[in-house]
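J.: Note that my numbering gives residue 432 to position 394 of the sequence shown, counting from 1, and the numbers run on in steps of one.
Where is the CB? At the ideal position from N, CA and C, for every residue including glycine.
Small disclaimer: the values here were computed from a predicted structure and weren't measured.
I have a structure here, written as structure tokens, and I will follow up with some questions on it.
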Amino acid sequence: MSEPWSPVSWQKKPAKQQVVYPDCEVLERVLGELTRLPPLVTSWEVETLKGQLAEAARGRRFLLQGGDCSETFDDCRPDPIAAKLKILLKMSFVLVYGCEKQVIRVGRFAGQYAKPRSAETETRDGVTLPSYRGNCINRPGFTEADRTPDPQLLLRGYERSCLTLNFIRGLVDGGFADLHHPEQWDLDFVNHASHPDEYRRVIESIGNSVRFMETMAGRPLDELTRVEFFTSHEGLHLDYEQAQTRRVPRRTGWYNLNAHLPWIGDRTRAIDGAHVEYFRGIANPIGCKVGPSMTPEELVELVEVLNPANQPGRLTLIHRFGVDQIEQHLPPLIEAVRRAGKVVLWCCDPMHGNTVTTASGIKTRSFDDILGELNRAFDVHHHVGSILGGVHFELTGENVTECTGGARGLTEEDLELAYKSDVDPRLNYEQALETALLVARRMSRARKSPLPPGEG
Ligand code: PEP
Ligand code: CO
Numbered sequence: 039m040s041e042p043w044s045p046v047s048w049q050k051k052p053a054k055q056q057v058v059y060p061d062c063e064v065l066e067r068v069l070g071e072l073t074r075l076p077p078l079v080t081s082w083e084v085e086t087l088k089g090q091l092a093e094a095a096r097g098r099r100f101l102l103q104g105g106d107c108s109e110t111f112d113d114c115r116p117d118p119i120a121a122k123l124k125i126l127l128k129m130s131f132v133l134v135y136g137c138e139k140q141v142i143r144v145g146r147f148a149g150q151y152a153k154p155r156s157a158e159t160e161t162r163d164g165v166t167l168p169s170y171r172g173n174c175i176n177r178p179g180f181t182e183a184d185r186t187p188d189p190q191l192l193l194r195g196y197e198r199s200c201l202t203l204n205f206i207r208g209l210v211d212g213g214f215a216d217l218h219h220p221e222q223w224d225l226d227f228v229n230h231a232s233h234p235d236e237y238r239r240v241i242e243s244i245g246n247s248v249r250f251m252e253t254m255a256g257r258p259l260d261e262l263t264r265v266e267f268f269t270s271h272e273g274l275h276l277d278y279e280q281a282q283t284r285r286v287p288r289r290t291g292w293y294n295l296n297a298h299l300p301w302i303g304d305r306t307r308a309i310d311g312a313h314v315e316y317f318r319g320i321a322n323p324i325g326c327k328v329g330p331s332m333t334p335e336e337l338v339e340l341v342e343v344l345n346p347a348n349q350p351g352r353l354t355l356i357h358r359f360g361v362d363q364i365e366q367h368l369p370p371l372i373e374a375v376r377r378a379g380k381v382v383l384w385c386c387d388p389m390h391g392n393t394v395t396t397a398s399g400i401k402t403r404s405f406d407d408i409l410g411e412l413n414r415a416f417d418v419h420h421h422v423g424s425i426l427g428g429v430h431f432e433l434t435g436e437n438v439t440e441c442t443g444g445a446r447g448l449t450e451e452d453l454e455l456a457y458k459s460d461v462d463p464r465l466n467y468e469q470a471l472e473t474a475l476l477v478a479r480r481m482s483r484a485r486k487s488p489l490p491p492g493e494g
């Protein structure tokens with residue numbers, strides 16, 4: 039890693055999960071165009087987020103990151119975007135209640151279009167085609183034309199990201215007045231949930247606080263607090279990320295202006311690989327997924343490469359082990375990072391280690407496993423004296439049936455009712471809100487009884 043960094047230095051390293059385009063000339067033309075188009079986000083927003091993540095690493099804020107596993111061009115419509123924003127906002131209110139800290143809201147949106155895949159190809163009825171890799175690379179249909187990577191889709195992805203972000207910025211600036219009032223939240227499911235009375239108390243309490251503040255101020259709450267949303271996606275397609283990697287006036291360094299918080303996936307975090315090379319040089323706060331194959335030595339080396347100056351807020355480690363593996367894998371990693379004197383923000387992704395395939399071949403996750411991993415994450419951090427400073431979910435604001443369980447007790451048979459994801463299963467509106475209520479419950483209990491669970 040001693041070679042100097044530049045936005046193209048990753049090209050000399052082995053890059054996993056990259057796309058082979060049949061026509062390089064078209065790709066070059068598209069990338070040239072992307073290089074000239076305006077950025078999606080600004081460096082001052084990126085720096086604001088970094089400052090907030092630094093506070094989260096010290097336990098003064100809490101990160102909520104969530105959205106689709108894979109956004110689709112079809113879903114770049116007002117309703118799904120507004121629904122996603124609304125569920126994240128409601129979850130954030132519930133989490134504020136639980137942890138009594140400001141919550142940083144980061145969407146997996148406005149650019150989450152490229153996916154890593156476990157197999158290069160997919161075979162159906164004897165026909166083998168390239169795997170589907172997300173809407174900015176190829177199409178989910180199963181024909182040769184659908185699966186051939188098309189560089190124009192990168193431009194379509196950039197444009198969809200702009201359209202999504204433009205709408206989000208508009209909604210965040212002007213709308214949402216009603217959302218501060220939980221009466222509008224569609225909370226029927228609470229009656230079926232595991233702790234209905236407690237949830238009703240939480241929700242009532244949020245409503246009372248809002249009314250109190252509005253009465254004090256003499257005007258609606260949305261005029262008092264401008265909600266902030268930041269964007270994030272997996273920085274997988276390095277040509278695409280490079281095209282938006284820019285210098286900006288009066289700041290040093292290079293910014294990836296495709297998203298505020300790009301992250302490295304668990305499959306592309308090889309220390310000598312192209313993704314780590316690209317990410318080490320950008321000035322953004324960055325995330326890195328950490329799965330069961332990570333060793334403590336490797337993690338310390340990776341943290342050193344990605345954050346040599348030990349800048350607070352620079353690096354968020356998003357651990358995703360699965361409910362059965364977290365207790366074994368997480369403690370030595372936390373210990374190693376601490377021993378190395380490194381500041382990181384620890385965030386739990388309870389989705390990606392808990393994916394299972396049903397007998398009929400549907401990819402799903404159980405609500406109990408997701409909750410189980412989250413609870414264990416809180417326990418582990420608590421026991422070793424570390425801080426779990428954030429959570430990372432795959433969710434949608436709609437009524438899909440992709441994960442089993444939750445207050446309505448969705449079964450494997452129910453999955454076919456409204457399974458829409460082309461890639462990973464997401465929590466639906468009710469499951470997402472219930473998760474936030476359970477996390478808030480957990481955090482508020484921890485505040486009241488500081489001893490480790492089981493010892494208080
Ligand atoms: C994802 O976040 O959709 C993903 C592929 O995660 P991971 O890199 O943790 O497997
Ligand atoms: Co996913």
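In the structure shown, what three-state DSSP assignment does G104 receive?
T.: Taking the first residue of the sequence shown as position 1, residue 104 is located at position 66. Note: G104 maps to strand in three-state DSSP.
J.: In the DSSP assignment, find the unbroken alpha helix (DSSP H) run with K128 in it and report its ends.
T.: On the sequence shown, position 90 is the one that residue 128 refers to. From DSSP, the alpha helix (DSSP H) with K128 extends over P116 to C137.
J.: Using 10 angstroms around the beta-carbon of M332, count the other beta-carbons present and answer buried if the total reaches 16, otherwise exposed.
T.: Locating residue 332 in the sequence shown gives position 294, counting from the first residue. M332 comes out buried.
J.: Please write down, chain order preserved, every residue whose beta carbon lies under 5 Å from a heavy atom of the ligand PEP.
T.: Going by the Cβ distance cut-off, the answer is C107, G303, D304, K327, R358 and H390.
J.: When the Cβ atoms of the segment 323–338 are set against those of the segment 291–305, are three or more pairs found closer than 8 Å?
T.: The segment 323–338, when compared against the segment 291–305, does touch it at the 8 Å Cβ threshold.
J.: Which stretch, first to last residue, makes up the alpha helix (DSSP H) that contains W82?
T.: One-based indexing of the sequence shown puts residue 82 at position 44. Element bounds for W82: S81 to A95.
J.: Cβ of V438 versus every heavy atom of the ligand MN: is any distance shorter than 7 Å?
T.: Among the ligands in the structure shown, the ligand MN does not appear; only the ligand PEP and the ligand CO can be found there.
J.: State buried or exposed for G494, treating a residue as buried only when at least 16 other CB atoms are found within 10 Å of its CB.
T.: Counted from its first residue, the sequence shown places residue 494 at position 456. Caution applies to G494, whose pLDDT of 37 falls short of 50 and renders its modelled position unreliable; the value that the coordinates give is listed next. It counts as exposed.
J.: Say the cut is 7 Å; is the CB of V461 nearer than that to a heavy atom of the ligand CO?
T.: Reading the sequence shown from its first residue, position 423 is the one you call residue 461. Yes, the Cβ of V461 comes within 7 Å of a heavy atom of the ligand CO.
J.: On a CA-only basis, which of Q140, A474, T186 and N296 is nearest E266? Give me that one, please.
T.: Mapped onto the sequence shown, residue 266 falls at position 228. Minimum Cα distance to E266 is reached at Q140.
J.: For T166, collect the residues of the same chain with a Cβ closer than 8 Å to its Cβ; drop the 5 residues on either side in sequence, then sort them by chain order.
T.: By one-based count along the sequence shown, residue 166 stands at place 128. Taken in chain order, the residues that qualify are T159 and E160.
J.: Would R146 and Q103 be called neighbours here (beta carbons separated by less than 8 Å)?
T.: What you label residue 146 is simply residue 108 of the sequence shown in a count that begins at 1. What you label residue 103 is simply residue 65 of the sequence shown in a count that begins at 1. Contact: yes.
J.: Among K88, A95 and A53, which residue has its Cα nearest to the Cα of V382?
T.: One-based indexing of the sequence shown puts residue 382 at position 344. Considering only alpha carbons, the answer is A95.
J.: Closer than 7 Å to a non-hydrogen atom of the ligand CO - does that hold for the CB of R432?
T.: As a working note, residue 432 is residue 394 in the sequence shown. Note that residue 432 is Glu in the sequence shown, not Arg. Yes, the beta carbon of E432 sits closer than 7 Å to at least one heavy atom of the ligand CO.
J.: Using the Cβ count rule (16 or more neighbours within 10 Å means buried), how would you classify V240?
T.: Counted from its first residue, the sequence shown places residue 240 at position 202. By the 10 Å Cβ count, V240 comes out buried.
J.: How many angstroms separate the CA atom of P60 from the CA atom of P187?
T.: Locating residue 60 in the sequence shown gives position 22, counting from the first residue. Locating residue 187 in the sequence shown gives position 149, counting from the first residue. Roughly 7 Å between the two C-alpha positions.
J.: Hey, how far is the Cα of A183 from the Cα of G149?
T.: One-based indexing of the sequence shown puts residue 183 at position 145. One-based indexing of the sequence shown puts residue 149 at position 111. Going from the Cα of A183 to the Cα of G149 covers about 23 Å.
J.: Label E138 either buried or exposed according to how many other C-beta atoms from any shown protein chain fall within 10 Å of its C-beta, with 16 as the threshold for buried.
T.: In the sequence shown, the residue the question calls residue 138 occupies position 100. So E138 ends up on the exposed side.
J.: For V361, count neighbouring Cβ atoms within 10 angstroms of its own Cβ and tell me buried if that reaches 16, exposed if not.
T.: On the sequence shown, position 323 is the one that residue 361 refers to. Looking at its Cβ environment, which holds 16 or more other Cβ atoms inside 10 Å, V361 is buried.
J.: Could you tell me the alpha carbon to alpha carbon distance between P42 and Q282, rounded to whole angstroms?
T.: Here residue 42 corresponds to residue number 4 of the sequence shown, with the count starting at 1. Here residue 282 corresponds to residue number 244 of the sequence shown, with the count starting at 1. Using only the alpha carbons, I get a separation of about 20 Å.
J.: State the DSSP-derived secondary structure class of F267, mapped to helix, strand or coil.
T.: Working through the sequence shown from its first residue, we reach residue 267 at position 229. Note: F267 maps to coil in three-state DSSP.
J.: Give every residue of the same chain whose Cβ lies closer than 6 Å to the Cβ of T80, excluding the five residues on either side of it in the sequence, and list them in chain order.
T.: By 1-based counting over the sequence shown, the position of residue 80 is 42. Answer for T80: no residue qualifies.
J.: Helix, strand or coil for G70 per DSSP?
T.: Numbered from its first residue, the sequence shown carries residue 70 at position 32. If DSSP states are grouped into helix, strand and coil, G70 belongs with the helices.
J.: Starting from the C-beta of G495, find all residues in its chain whose C-beta is less than 6 Å away, skip the five residues before and the five after it, and write them out in chain order.
T.: No statement about residue 495 is possible, as the shown extent of the chain runs from 39 to 494 and does not include it.
J.: In angstroms, rounded to a whole number, what distance separates the CA positions of Q469 and C200?
T.: Here residue 469 refers to the residue found at position 431 of the sequence shown. Here residue 200 refers to the residue found at position 162 of the sequence shown. Cα to Cα, Q469 sits roughly 29 Å from C200.
J.: Tell me whether the beta-carbon of V132 lies closer than 8 Å to the beta-carbon of L433.
T.: Against the sequence shown, residue 132 aligns to sequence position 94. Against the sequence shown, residue 433 aligns to sequence position 395. Going by C-beta atoms, V132 is not nearer than 8 Å to L433.
J.: Which same chain residues end up closer than 8 Å to E335 when comparing Cβ atoms and leaving out the 5 residues on each side of it in sequence?
T.: Sequence index remark: in the sequence shown, residue 335 carries index 297 (1-based). The residues are A374.
J.: Assuming R358 and D406 form a contact by the criterion Cβ under 8 Å, report the distance between their Cβ atoms to the nearest whole angstrom.
T.: Looking up residue 358 in the sequence shown gives position 320. Looking up residue 406 in the sequence shown gives position 368. R358 to D406, Cβ: 17 Å. No contact.
J.: Give me, in chain order, the residues of the same chain whose beta-carbon lies closer than 6 Å to that of L455; leave out the 5 immediate sequence neighbours on both sides.
T.: The sequence position of residue 455 within the sequence shown is 417, counting from 1. These residues qualify, in order along the chain: T439.
J.: Comparing C-alpha positions only, which one of T442, L353, R352 and I372 sits nearest to M389?
T.: As a first step, residue 389 is located in the sequence shown; it is residue number 351 there, counting from the start. Answer by Cα proximity: T442.
J.: May I ask you to verify whether the segment 67–86 touches the segment 112–122, counting CB pairs closer than 8 Å and requiring at least 3?
T.: The segment 67–86, when compared against the segment 112–122, does not touch it at the 8 Å Cβ threshold.
J.: Using only the alpha-carbon positions, how far apart do R264 and L353 sit?
T.: What you label residue 264 is simply residue 226 of the sequence shown in a count that begins at 1. What you label residue 353 is simply residue 315 of the sequence shown in a count that begins at 1. R264 and L353: Cα-Cα distance of roughly 26 Å.
J.: If you reduce the DSSP assignment to three classes, tell me which class V240 lands in.
T.: On the sequence shown, position 202 is the one that residue 240 refers to. Here V240 sits in helix by DSSP.
J.: Could you tell me the boundaries of the alpha helix (DSSP H) in which V210 lies?
T.: Numbered from its first residue, the sequence shown carries residue 210 at position 172. Unbroken alpha helix (DSSP H) run through V210: Q190 to G212.
J.: Using a threshold of 8 Å, state whether the C-beta atoms of E411 and G427 are closer than that.
T.: For the purposes of this step, residue 411 is taken as residue 373 along the sequence shown, with counting starting at 1. For the purposes of this step, residue 427 is taken as residue 389 along the sequence shown, with counting starting at 1. The answer is no: Cβ separation not under 8 Å.
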